[in-house]
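Working notes for the structure below.
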Amino acid sequence: ALLADAIEALKEYVTPEEILSLIEAERTRLGQAKLTREELIGLRLYTGPPFIKFNGVLRESSGKMPESLTAHLKGNKYVTSIHCTVSGMVKLSKVTRIPEKRKVYRGMSGLRLPKEFWIEDEHGARG
12 ALLADAIEAL KEYVTPEEIL SLIEAERTRL GQAKLTREEL IGLRLYTGPP
62 FIKFNGVLRE SSGKMPESLT AHLKGNKYVT SIHCTVSGMV KLSKVTRIPE
112 KRKVYRGMSG LRLPKEFWIE DEHGARG
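Start counting the sequence shown at 12; every next residue gets the next number (my numbering).
Listed below in structure tokens is the structure:
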């Protein structure tokens, strides 16, 4: 029903064949990422309400988050969930390209990224 709804909503802009072609292209691209089941679950969690908990844990580690904003975590660090999510993001970033000249904005006020973000390690990883 979801696909039928999408086709109906977009029918004045694209043909059903074009939509199906785009879906197939995405399936192919995502297949190239070779995501594990756990990574898919982590990524899905991150796109929903658990995003608040994951980010609470990550921001808490900076020491700048008031305890009142992280008390609901009850000590849970979501280590495995965050690891799977990040691993999935890394894999997706290798098969996803942002179109040239497209601006991407992300608010990060008052933070300084560590040198590891900019300088590759011995394995060529950074970020």
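By construction, the Cβ of each residue, glycine as well, lies at the ideal position given by its N, Cα and C atoms.
Keep in mind it's a predicted model, so treat the numbers as computed, not measured.
- Annotation for Lys64: the continuous alpha helix (DSSP H) segment containing it runs Pro61 to Glu71.
- By the criterion of at least three beta-carbon pairs nearer than 8 Å, the segment 43-52 is not in contact with the segment 26-34.
- Fewer than three pairs of CB atoms, one per stretch, sit closer than 8 Å, so the segment 55-71 makes no contact with the segment 17-26.
- Taking C-alpha positions only, Val115 is separated from Leu80 by approximately 28 Å.
- Taking every protein chain shown into account, the CB of Thr58 has fewer than 16 other CB atoms within 10 angstroms, so this residue is exposed.
- DSSP places Ile30 inside the alpha helix (DSSP H), whose first and last residues are Pro27 to Ala44.
- In the DSSP assignment, Thr91 falls within the alpha helix (DSSP H) that extends over Val90 to Val106.
- By the 16-neighbour rule on beta-carbons within 10 angstroms, Ser104 is exposed.
- The alpha carbon of Gly86 has as its nearest neighbour, out of Gly99, Ser98 and Ser72, the alpha carbon of Ser72.
- Counted as a single uninterrupted DSSP element, the alpha helix (DSSP H) harbouring Ala20 occupies residues Leu13 to Leu21.
- Around the beta-carbon of Thr96, 16 or more other beta-carbon atoms lie within 10 Å, marking it buried.
- Using a Cβ distance threshold of 9 Å, Glu50 and Ser98 count as a contacting pair.
- Of the candidates Ala17, Leu14, Gly74 and Arg40, the residue whose Cα lies closest to the Cα of Lys102 is Arg40.
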